[in-house]
Amino acid sequence: MTSRGSELGWLLDDLVQQVAGADRAVVLSADGLLMGNSSNMAAEEAEHLSAVASAFQSLAKGTGRQFGGGGVRQTLVEMDHAFLFVTAAGSGACLALLTSADADMGMVAYSMNMMVKRVGAVLSAAPRT
1 MTSRGSELGW LLDDLVQQVA GADRAVVLSA DGLLMGNSSN MAAEEAEHLS
51 AVASAFQSLA KGTGRQFGGG GVRQTLVEMD HAFLFVTAAG SGACLALLTS
101 ADADMGMVAY SMNMMVKRVG AVLSAAPRT
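Quick note on the UniProt record's numbering: the sequence shown kicks off at 1 and runs consecutively.
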């Protein structure tokens with residue numbers, strides 16, 4: 001893992017440990033490339049979650065453009081046994097958090113937004129050339 005990935009790793013580990021019901025977390029570039037993940041994830045699992053989060057965020061952005069909803073701040077997927085939250089995190093990056101189904105959605109969203117505000121510069125991704 002790169003130095004930046006290590007920085008993100010401990011931030012994501014802290015988020016997972018501090019938020020009740022949080023299970024796994026990744027930071028990804030807008031095009032789905034994994035930038036960092038919580039330490040409880042295998043590399044393949046982290047890359048898969050990054051790709052899924054990117055796809056959901058892209059679909060939400062397209063819907064906002066098509067139907068005049070504006071910019072997307074957060075995407076939420078509710079599953080039988082889990083929630084997936086995807087939040088814009090700095091320029092060109094997203095923060096994705098997988099939680100249990102009994103997690104407090106308001107607290108999760110608040111915690112993710114506070115993390116982005118505190119460390120948004122670290123979370124930003126430069127566009128690929």
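The C-beta atom is built at its ideal place from N, Cα and C for all residues, glycine as well.
Keep in mind that this is a model prediction, so the values were computed, not measured.
**OP:** Round the Cβ separation of V116 and T87 to the nearest angstrom and send it over; I've been treating them as touching at under 8 Å.
**Re:** 6 Å
Original post:
In the structure shown, what three-state DSSP assignment does F85 receive?
Top reply: strand
Original post:
Which residues mark the beginning and the end of the alpha helix (DSSP H) in which N37 is found?
Top reply: Note, N37: premise wrong, no alpha helix (DSSP H); beta strand (DSSP E) at L34 to N37.
Original post:
What does a CB cutoff of less than 8 Å around E47 pick up in its chain, not counting 5 residues either side in sequence?
Top reply: So the list reads L34, once near-sequence residues are dropped.
Subject >> Delimiting residues of the alpha helix (DSSP H) encompassing R73 >> reply: From DSSP, R73 is part of no alpha helix (DSSP H); its letter is neither H nor E.
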